[in-house]
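Engineer: Residue numbers (our numbering): 119 to 406.
Heads up, the beta-carbon is just placed ideally off N, CA and C, and yes, glycines get one too.
For clarity, every value in this text was computed on a predicted model and none was experimentally measured.
Handing you this structure, nothing more for now.
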């Protein structure tokens with residue numbers, strides 16, 4: 119145990135490990151709030167759609183020589199904005215994500231095949247590489263950590279209405295189309311930003327799982343968002359330290375840690391107003 123503790127201390131002194139820890143802390147501030155939006159808008163397929171779009175962006179970056187992660191971020195942002203006009207209803211948005219996912223993976227595979235670019239670099243995106251986080255990745259996560267909670271707090275009344283009922287939000291004067299487009303772009307960029315940490319296949323550990331646990335603990339939209347951030351911090355730090363201590367890959371450990379917490383929270387007595395939708399609507403007048 120002493121030897122393991124000493125080894126862990128040495129690892130924490132390494133710059134790549136420190137960067138990874140900072141990245142996970144930044145991710146815990148913004149990405150769980152994105153998870154709240156994903157669950158609230160009922161757009162679960164967005165993670166898979168943006169995974170494929172990011173793969174297409176990576177392929178473009180490998181072909182053109184531009185930073186692949188920058189291409190992935192731009193591709194996801196454009197895709198998020200592009201599907202926003204199709205989001206007339208939750209079903210329409212889910213259908214748009216399915217279409218986007220199919221087109222993106224087809225485009226990525228065709229581009230890689232025709233160009234002759236080595237696909238291993240693109241498909242490494244699926245598994246992530248948290249210890250290879252660079253300064254540019256930290257900058258993206260820092261912007262998300264400031265932008266996502268800032269927008270959420272600034273427009274919490276409108277977002278609460280949108281998550282509660284799209285038609286009611288529109289009748290109440292909420293700019294539904296513009297707000298939906300902004301949220302979709304943020305969701306898309308956040309998913310792309312998280313890919314470097316856990317890999318596309320495990321991105322739920324940073325976004326969706328903290329939101330699902332927070333839904334059981336919070337009694338209003340604000341409290342659920344705060345719970346999600348707190349859970350994200352605990353899960354990210356605990357999972358990362360455990361992975362370092364056991365010398366296991368961080369991505370799967372983060373997912374298992376988050377999943378274990380979600381299961382544990384599930385056994386707690388559910389609050390009478392556990393869904394943010396009811397408190398969001400009843401508390402709106404006091405949000406001015």
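1. So for residue 188, helix, strand or coil by DSSP?
2. Quick one: any contact between the segment 134–143 and the segment 286–295, if contact means 3 or more CB pairs under 8 Å?
3. If distances are taken between C-alpha atoms only, which option among 327, 323 and 269 comes closest to residue 303?
4. Can you tell me which of the three DSSP states residue 161 falls into?
5. Would you verify that the beta carbon of residue 143 is, or is not, closer than 8 Å to some beta carbon of chain E?
6. Between 282, 276 and 377, which has its C-alpha nearest residue 321's C-alpha?
7. Which of helix, strand or coil does DSSP assign to residue 292?
8. Return the CA-CA distance between residue 307 and residue 202, expressed in angstroms with no decimal places.
9. Under a three-way DSSP split, which group does residue 390 fall into?
10. Between which two residues does the alpha helix (DSSP H) carrying residue 376 extend?
11. Can you round the beta-carbon distance between residue 171 and residue 194 to whole angstroms, since I take them to be within the 8 Å contact cut?
12. Could you tell me how far apart the beta carbons of residue 357 and residue 367 are, in whole angstroms, since I believe they sit closer than 8 Å?
13. Does residue 343 come out as helix, strand or coil in the three-state DSSP assignment?
14. What separation, rounded to the nearest whole angstrom, lies between the Cα atoms of residue 199 and residue 355?
15. Run the CB neighbour count on residue 78, radius 10 Å, all protein chains shown included, and call it buried at 16 or more, exposed below.
16. Which ranges would you report for the alpha helix (DSSP H) in the segment 219–285 if only whole runs of at least 4 residues count?
17. What does a CB cutoff of less than 7 Å around residue 382 pick up in its chain, not counting 5 residues either side in sequence?
18. Short check: CB of residue 215 to CB of residue 164, under 8 Å?
19. When DSSP labels each residue in this structure, what does residue 125 get in the three-state scheme?
20. Determine the DSSP secondary structure at residue 356, reduced to helix, strand or coil.
21. Pull up the distance between the alpha-carbon of residue 371 and that of residue 264, whole angstroms please.
22. Find the nearest neighbour of residue 310 within the set 285, 277 and 259, judged by alpha-carbon distance.
23. Which residues in the same chain have their Cβ closer than 6 Å to the Cβ of residue 373, if we skip the five residues on either side of it in sequence?
24. Helix or strand or just coil, what does DSSP make of residue 182?
25. Among 213, 248, 197 and 175, which has the Cα closest to the Cα of residue 160?
26. To the nearest angstrom, how far is the alpha carbon of residue 134 from that of residue 142?
27. Where does residue 385 land, buried or exposed, given buried means 16+ other C-beta within 10 angstroms?
28. So, for residue 360: in the same chain, excluding its five sequence neighbours on each side, which residues have a beta-carbon less than 6 Å away from its beta-carbon?
Structural biologist: Walking through what the data contain:
1. Looking up residue 188 in the chain shown gives position 70. Correct three-state label for residue 188: helix.
2. No: fewer than three Cβ pairs fall under 8 Å.
3. Locating residue 303 in the chain shown gives position 185, counting from the first residue. Minimum Cα distance to residue 303 is reached at 269.
4. As a first step, residue 161 must be located in the chain shown, where it is residue number 43. Reduced to three states, the DSSP call for residue 161 is coil.
5. In the displayed structure, chain E is absent; only one protein chain is listed.
6. Start at 1 with the first residue of the chain shown, and residue 321 comes out as number 203. Ranking the options by Cα distance to residue 321, first place goes to 377.
7. Mapped onto the chain shown, residue 292 falls at position 174. Looking at residue 292 - three-state DSSP - the assignment turns out to be coil, as it is neither helix nor strand.
8. Reading the chain shown from its first residue, position 189 is the one you call residue 307. Reading the chain shown from its first residue, position 84 is the one you call residue 202. One C-alpha to the other measures close to 14 Å.
9. Position 272 of the chain shown, counting from 1, holds the residue named residue 390. With a pLDDT of 48 at residue 390, under the threshold of 50, the predicted position of this residue should be treated as unreliable, and no value is reported.
10. Taking the first residue of the chain shown as position 1, residue 376 is located at position 258. Unbroken alpha helix (DSSP H) run through residue 376: 368–384.
11. Your numbering for residue 171 matches position 53 in the chain shown. Your numbering for residue 194 matches position 76 in the chain shown. Sure, about 5 Å apart at Cβ, within 8 Å.
12. Within the chain shown, residue 357 is the residue found at index 239, counting from 1. Within the chain shown, residue 367 is the residue found at index 249, counting from 1. That belief does not hold up - the Cβ atoms of residue 357 and residue 367 are roughly 11 Å apart, past 8 Å.
13. Working through the chain shown from its first residue, we reach residue 343 at position 225. Helix, per DSSP.
14. Translated into positions along the chain shown, residue 199 becomes position 81. Translated into positions along the chain shown, residue 355 becomes position 237. For residue 199 and residue 355, the gap between their C-alpha atoms comes out near 32 Å.
15. Absent from the model: residue 78. The displayed extent of the chain is 119 to 406, so no value can be given.
16. 238–241, 253–272 and 274–282
17. For this step, residue 382 is matched to residue 264 along the chain shown. So the list is empty, once near-sequence residues are dropped.
18. Here residue 215 corresponds to residue number 97 of the chain shown, with the count starting at 1. Here residue 164 corresponds to residue number 46 of the chain shown, with the count starting at 1. Yes, the Cβ-Cβ distance between residue 215 and residue 164 is below 8 Å.
19. Against the chain shown, residue 125 aligns to sequence position 7. It is helical.
20. The residue labelled residue 356 in the question sits at position 238 within the chain shown. Residue 356 falls in the helix class under three-state DSSP.
21. Here residue 371 refers to the residue found at position 253 of the chain shown. Here residue 264 refers to the residue found at position 146 of the chain shown. When rounded, the distance between both Cα atoms is 26 Å.
22. By 1-based counting over the chain shown, the position of residue 310 is 192. The shortest Cα separation from residue 310 among 285, 277 and 259 belongs to 259.
23. As a working note, residue 373 is residue 255 in the chain shown. Excluding sequence neighbours, residue 373 sits near 320 and 323.
24. Residue 182 sits at position 64 when you count from the first residue of the chain shown. In the structure shown, residue 182 sits in a helix (DSSP, three-state: H, G or I).
25. Position 42 of the chain shown, counted from the first residue, corresponds to residue 160. Taking only the C-alpha atoms, the option nearest residue 160 is 213.
26. Residue 134 sits at position 16 when you count from the first residue of the chain shown. Residue 142 sits at position 24 when you count from the first residue of the chain shown. C-alpha separation (whole angstroms): 12 Å.
27. Residue mapping note: residue 385 aligns to position 267 of the chain shown, counting from 1. By the 10 Å Cβ count, residue 385 comes out exposed.
28. In the chain shown, the residue the question calls residue 360 occupies position 242. If we look at residue 360 and ignore the five residues flanking it on each side, its Cβ neighbours are 371.
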